[in-house]
Ligand code: ASP
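In our numbering, the protein residues as written are -3 to 281.
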């Protein structure tokens, strides 16, 4: 059985990222540990401002940035929900798994935990996230006549919401020495309210790792949660060709943006109903 790491740059991400992701997959491969490898892959992508995770995360409707990240192995899980002002949410998610009796920490509690561990205050916004935010607000406020429906639908809620394009979330799955791990990180799915939670930090929805494989999802989190997508895919591993399983599950989403990457004992597969940049590195084949 070969060692392998497979990573994605988000459902809807530009395929021009492929070369970069191939490099990141190779750089993050850590001989001997699937967990170290997926965490390192996600950390590298969080630091690349092109992706909607860590630095470069999209803003919520109120202008704040709240991020989700999670890591999972067959034995354990760690997750942070709506954490703010840290550079690498994935490292805090791993710390939740390894240093606390809990599996998920959210909001202020997650941020405070990060500070206690010495993760310094960090502003993940970039000129690109500012520009996306400005455009999203213009679309919601009706100043952009050609705004896509998803923004227009927010107009009637503008009053209670208190008033960007979402893509480029990141994720990784690895199989090393026959052990599986999965990791994800995202700034969320814009437009969204402060406090909104997507699929990414939720085990079984945005990621799953077990004895038989690892699965990570990307796309519209609400729909992914409703289908407990990653666990659903995991349960089918071995029943059919891995690619066919992914394609079948993605078909059920119709036009709703979704993508999946997955590994089993003998296969790797990646599918999306939109473009989705991926990269991988394989050793010992
Ligand atoms: N699934 C993420 C969320 O809904 C976003 C994404 O993957 O693009 O928060």
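From the three backbone atoms N, C-alpha and C, an ideal C-beta is built for every residue, glycine too.
Could you check whether residue 81 and residue 172 sit closer than 9 Å to each other, using their CB atoms as the reference points? Mapped onto the chain shown, residue 172 falls at position 176. Mapped onto the chain shown, residue 81 falls at position 85. It is not a contact, given that the beta carbons lie outside the stated cut-off.
Does the beta-carbon of residue 165, which I'm using as the reference point, lie nearer than 8 Å to any heavy atom of ligand 1? Your numbering for residue 165 matches position 169 in the chain shown. Because some heavy atom of ligand 1 lies under 8 Å away, the Cβ of residue 165 counts as near it: yes.
Starting from the Cα of residue 185, find the closest Cα among 213, 174, 19 and give me that residue. For this step, residue 185 is matched to residue 189 along the chain shown. It is 213 whose Cα lies nearest to the Cα of residue 185.
Per DSSP, what kind of secondary structure is residue 272 in: helix, strand or coil? Taking the chain shown and counting its residues from 1, one reaches residue 272 at position 276. It is a strand residue.
Among residues of its own chain, excluding the 5 on either side of residue 279, which ones have a beta-carbon nearer than 6 Å to its beta-carbon? Within the chain shown, residue 279 is the residue found at index 283, counting from 1. -1.
Give me the DSSP bridge partner(s) of residue 199. Against the chain shown, residue 199 aligns to sequence position 203. Looking at the DSSP assignment, residue 199 forms a beta bridge with 203.
Which residues share a DSSP beta bridge with residue 67? As a working mapping, residue 67 is identified with position 71 in the chain shown. In the DSSP output, where bridge partners are listed per residue, residue 67 has 74, 179.
Quick one: does the C-beta of residue 33 sit closer than 8 Å to a heavy atom of ligand 1? One-based indexing of the chain shown puts residue 33 at position 37. The answer is no for residue 33.
In this structure, what does DSSP give as the bridge partners for residue 279? On the chain shown, position 283 is the one that residue 279 refers to. In DSSP, residue 279 forms a bridge with -1.
Express the C-alpha separation of residue 236 and residue 23 in angstroms, rounding to a whole number. Translated into positions along the chain shown, residue 23 becomes position 27. Translated into positions along the chain shown, residue 236 becomes position 240. Cα to Cα, residue 23 sits roughly 32 Å from residue 236.
Could you compute how far the alpha carbon of residue 61 sits from the alpha carbon of residue 122? Residue 61 sits at position 65 when you count from the first residue of the chain shown. Residue 122 sits at position 126 when you count from the first residue of the chain shown. Taking the straight line joining both Cα atoms gives about 11 Å.
What would DSSP say about residue 165, mapped onto helix, strand or coil? Stepping through the chain shown from its first residue, residue 165 is reached at position 169. In the three-state reduction of the DSSP assignment, residue 165 falls in the coil class, being assigned neither a helical nor a strand state.
Kindly examine ligand 3 and report whether one of its heavy atoms sits closer than 8 Å to the Cβ of residue 48. Within the structure as shown, ligand 3 is missing, the only ligands being ligand 1.
Spatial neighbours of residue 204 in its chain, beta-carbon cut-off 6 Å, leaving aside the 5 residues before and after: Sequence index remark: in the chain shown, residue 204 carries index 208 (1-based). Within the same chain, and ignoring the five residues on either side of residue 204 in sequence, the residues whose Cβ sits closer than 6 Å to its Cβ are 211, 226, 227, 230.
Just verifying my parser: in three-state terms, what is the DSSP assignment at residue 209? Numbered from 1 along the chain shown, position 213 holds the residue referred to as residue 209. Strand at residue 209.
Check whether residue 166 and residue -3 have beta carbons under 9 Å apart: Here the question's residue 166 lines up with position 170 in the chain shown. Here the question's residue -3 lines up with position 1 in the chain shown. No. Outside cutoff.
Give every residue of the same chain whose Cβ lies closer than 8 Å to the Cβ of residue 70, excluding the five residues on either side of it in the sequence, and list them in chain order. Here residue 70 is taken as the residue at index 74 of the chain shown, counted from 1. Within the same chain, 175, 176, 205, 206, 207 come within 8 Å of residue 70 by CB-CB distance, once the 5 residues on both sides are set aside.
Do residue 34 and residue 258 come within 9 Å of each other at the CB atom, strictly closer than that value? Position 262 of the chain shown, counted from the first residue, corresponds to residue 258. Position 38 of the chain shown, counted from the first residue, corresponds to residue 34. No, they are not a contact pair.
For residue 90 versus residue 2, is the C-beta spacing smaller than 9 Å? Stepping through the chain shown from its first residue, residue 90 is reached at position 94. Stepping through the chain shown from its first residue, residue 2 is reached at position 6. No, the Cβ-Cβ distance between residue 90 and residue 2 is not below 9 Å.
Any heavy atom of ligand 1 within a distance shorter than 8 Å of the CB on residue 213? Along the chain shown, one-based indexing puts residue 213 at 217. Yes, Cβ of residue 213 sits closer than 8 Å to a heavy atom of ligand 1.
Compare the Cα-Cα distances from residue 67 to each of 201, 136, 128, 188 and report the closest residue. Position 71 of the chain shown, counted from the first residue, corresponds to residue 67. Considering only alpha carbons, the answer is 201.
Apart from the five residues just before and just after residue 10, which ones in its own chain have a Cβ nearer than 7 Å to its Cβ? As a first step, residue 10 must be located in the chain shown, where it is residue number 14. Excluding sequence positions up to five before and after residue 10, its CB lies within less than 7 Å of the CB of 271, 273, all in the same chain and listed in chain order.
Just verifying my parser: in three-state terms, what is the DSSP assignment at residue 171? Mapped onto the chain shown, residue 171 falls at position 175. The answer is strand: DSSP assigns residue 171 an E or B state.
Is it the case that the CB of residue 7 approaches a heavy atom of ligand 1 more closely than 8 Å? Walking along the chain shown from the start, residue 7 turns up at place 11. Yes, since a heavy atom of ligand 1 falls inside the 8 Å radius drawn around the Cβ of residue 7.
Taking 8 Å as the cut-off, is the CB of residue 274 close to at least one heavy atom of ligand 1? Numbered from its first residue, the chain shown carries residue 274 at position 278. No; taking the cut-off as 8 Å, the Cβ of residue 274 has no heavy atom of ligand 1 nearer than that.
Mapping the DSSP letters down to three states, classify residue 316 as helix, strand or coil. Not covered by the structure: residue 316. The range shown for the chain is -3 to 281.
To the nearest angstrom, report how far apart residue 57 and residue 109 are at their CA atoms. On the chain shown, position 61 is the one that residue 57 refers to. On the chain shown, position 113 is the one that residue 109 refers to. Going by the C-alpha atoms only, they are around 25 Å apart.
Host beta strand (DSSP E) of residue 242 (start-end): As a working mapping, residue 242 is identified with position 246 in the chain shown. No beta strand (DSSP E) holds residue 242; the alpha helix (DSSP H) holding it covers 238 to 247.
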